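>
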Amino acid sequence: MKILVQSEAFELGAEVDALRRGRTDIGAIASFVGLARDMNDGSDVAAMTLEHYPGMTEKALAALVEEAQSRWTLLDVTLIHRVGRLLPGDPIVLVAVAGSHRGEAFAACEFIMDYLKTRAPFWKKEVTPEGERWVEARASDDVAATRWGKT
Amino acid sequence: MKILVQSEAFELGAEVDALRRGRTDIGAIASFVGLARDMNDGSDVAAMTLEHYPGMTEKALAALVEEAQSRWTLLDVTLIHRVGRLLPGDPIVLVAVAGSHRGEAFAACEFIMDYLKTRAPFWKKEVTPEGERWVEARASDDVAATRWGKT
Amino acid sequence: MKLRVLYFARLRERLGCAEETLDCAGSTVADLVAQLQARGGVWAEELATGRAYRVAVNQDIVALDAALTENAAVAIFPPVTGG
Amino acid sequence: MKLRVLYFARLRERLGCAEETLDCAGSTVADLVAQLQARGGVWAEELATGRAYRVAVNQDIVALDAALTENAAVAIFPPVTGG
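Residue numbers (my numbering), protein chains in the order written: chain A, 58 to 208; chain B, 58 to 208; chain C, 72 to 154; chain D, 72 to 154.
Right, here's the structure in full:
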């Protein structure tokens, strides 16, 4: 299990290679990369800043991954979330889940993203032509998180 | 859309970078890599050979991706499947789906894998201590494919 | 009608044939399968009713009642196991 | 009891405060929130009943009836928007 909060970029290929290096028991690696878009809620976005709560962030991310590991049989998980200033096209978050079979890897990867969206203390502030604005939480993210049931 | 059937290895990082290069409208990239395991159905697997039906394979993979594109709003898809001799730990298949939002990217990625498992003309033959054997189709793959409904 | 018939994977090995050209007296996939079963031996065994195999005509998977056309490429193979 | 209170993101900006140390007369998160609301102005507005904010005590998100402990770190912040 590898969990990082960092301002630096990450490399999906390098992270997934690290997960599988030297192993021959992994049958499936599901991964996800979330990226900063040039458009949100109808406005052009020139840049964004990701604020977080140092200390709690790492704890919340570890709890998400442990919850996933308790629900599915997983072989390894990598979760990296960036903070600080990001430009459109920049990767923000990476989740990679290695399992014996694809169903578990897919489910755990999506679960981690859904829970991260509602439980990990990150906040996005966007720079738009109308000025800076804090991104509002989406009701659709709450819905996505609730479909996994109670923890 | 990029669809390849090849004996050479692929690089997840390079493929995903190619999907997102020069774009700032992608918010989510869900990807999957299936790998050859050292164990299947209780036997050690020393190697496997993937046979396919040249011509039909490419056609079937394109149909899978088109079906995914008709079901979800996707920005781009890459699908690569290897054939020939593979060793435990070797990547077999790669699916990467770029979308505006994560829900569609995750769903389309898993859909493509589920349908590929039941519709694309590939056959695995394993080398085990008991000799060579053709892998049997799994009922669980049929179940996984049916949950997406009729096409 | 004249058909090109291809066999893959376990079926190719069991039947000892990767590809053949033959004349089919019937007009559907079921007619072709019946003609192949009539060869007896492994043909009758592997293509028996209830055995799991798939048929593609010109590279599309079809049902047994699908029509055949002159010079069609018909592929017969086990359920797929890629990915 | 003595508490360290942290504010994040939009709340930090609106309240003009990132962190403070204060004495809380009550024993629950709700007591602390009532004490902050009593400051009036943006405090009453932003922490009004029905406004969407979250509270973490010692880095775990808790409900309003959660107990406070001496020297706890209490964080108050908007719903999260990472990922």
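We put the CB at the ideal spot given by N, CA and C, even for glycine.
Keep in mind that this is a model prediction, so the values were computed, not measured.
1) In this structure, does DSSP put A/Phe-163 in helix, strand or coil?
2) Quick one: give me the first and last residue of the alpha helix (DSSP H) that B/Leu-107 is part of.
3) Secondary structure at B/Ile-83, three-state DSSP: helix, strand or coil?
4) So if I threshold CB-CB distances at 7 Å, which residues from the stretch 76-104 of chain C count as touching chain B?
5) Under 8 Å Cβ-Cβ, which residues of chain D neighbour A/Ala-194?
6) Distance check for A/Ile-83 and A/His-158, CA to CA, integer angstroms please.
7) Residues in the same chain with beta-carbon distance under 7 Å from A/Leu-92, minus the five sequence neighbours each way, listed in chain order, please.
8) Just how far apart, CA to CA, sit A/Leu-143 and A/Leu-107?
9) 8 Å is my cut-off, CB to CB: does C/Gln-130 come that close to chain B?
10) Cα separation between A/Glu-161 and D/Ala-138?
11) Look at the alpha carbon of A/Val-62 and the alpha carbon of C/Val-151, and state the distance between them as a whole number of angstroms.
12) Between D/Val-113, D/Glu-116, D/Val-104, which has its C-alpha nearest D/Ala-134's C-alpha?
13) Please list the residues of the stretch 59-91 of chain A that have a C-beta atom closer than 7 Å to any C-beta atom in chain D, keeping them in chain order.
14) So, A/Ala-202 versus A/Thr-185, is the Cβ gap smaller than 8 Å?
15) Of the choices B/Glu-183, B/Arg-94, B/Asp-198, B/Val-200, whose alpha-carbon is the least far from that of B/Val-192?
16) Return the residue from the list C/Val-76, C/Glu-116, C/Tyr-78, C/Arg-85 that minimises the CA-CA distance to B/Arg-190.
17) Counting only beta-carbon atoms, is B/Ala-177 nearer than 8 Å to chain C?
18) Evaluate the contact criterion for the stretch 139-150 of chain C versus the stretch 121-130 of chain C: three or more CB pairs, one atom per stretch, below 8 Å.
19) Would you kindly work out how many angstroms separate the C-alpha atoms of A/Lys-59 and C/Ala-115, rounded to a whole number?
20) Can you pull the DSSP bridge partners for B/Arg-142?
21) Find out if the Cβ-Cβ distance for the pair A/Leu-131, A/Ile-169 is shorter than 8 Å.
22) What in chain C is Cβ-close to B/His-138, meaning under 9 Å?
23) Under 6 Å Cβ to Cβ from A/Gly-156, same chain only, skipping five residues before and after it: list those, please.
24) What did DSSP end up calling C/Tyr-124 once you bin it into helix, strand or coil?
25) Can you list, in chain order, the residues of its chain whose CB lies under 8 Å from that of C/Asp-102, leaving out five sequence neighbours each side?
26) Would you mind telling me which residues of chain D sit closer than 9 Å to A/Met-170, beta carbon to beta carbon, in chain order?
27) Between A/Gly-99 and B/Glu-68, is the Cβ-Cβ spacing less than 8 Å?
28) Applying a beta-carbon distance threshold of less than 8 Å, which residues of chain A neighbour D/Ala-146?
29) In chain B, which residues lie less than 7 Å from A/Pro-145 when you measure between Cβ atoms?
30) Name, please, each residue of chain B whose Cβ falls closer than 8 Å to the Cβ of C/Ala-127.
31) Within the continuous beta strand (DSSP E) that includes B/Gln-63, where are the two ends?
32) In chain A, which residues lie less than 7 Å from B/Glu-167 when you measure between Cβ atoms?
33) Of all the CB atoms in chain C, is at least one closer than 8 Å to the CB of B/Trp-191?
34) How many angstroms separate the CA atom of B/Ala-125 from the CA atom of A/Leu-76?
35) So, does the CB of B/Leu-173 fall closer than 8 Å to a CB anywhere in chain C?
36) Leaving out five residues on either side along the sequence, give the residues of the same chain with a beta carbon under 8 Å from the beta carbon of B/Glu-115.
Per the coordinate set shown:
1) helix
2) Counting along the chain, B/Leu-107 falls outside any alpha helix (DSSP H), though it belongs to the beta strand (DSSP E) covering 104-109.
3) coil
4) Phe-79, Ala-80, Arg-81
5) Ala-123, Pro-149, Pro-150, Val-151, Thr-152
6) 8 Å
7) Gly-146, Asp-147, Pro-148, Ile-149
8) 8 Å
9) yes
10) 38 Å
11) 42 Å
12) D/Val-104
13) Gly-91
14) no
15) B/Glu-183
16) C/Arg-85
17) yes
18) yes
19) 56 Å
20) B/Thr-106
21) no
22) Gly-153, Gly-154
23) Ala-85, Leu-131, Leu-132, Ala-162
24) coil
25) Cys-95, Ala-96, Leu-139
26) Gly-154
27) no
28) Tyr-110, Met-113, Pro-178
29) Thr-81
30) Tyr-110, Met-113, Pro-178
31) 59-63
32) Phe-163
33) yes
34) 28 Å
35) yes
36) Ile-60, Val-62
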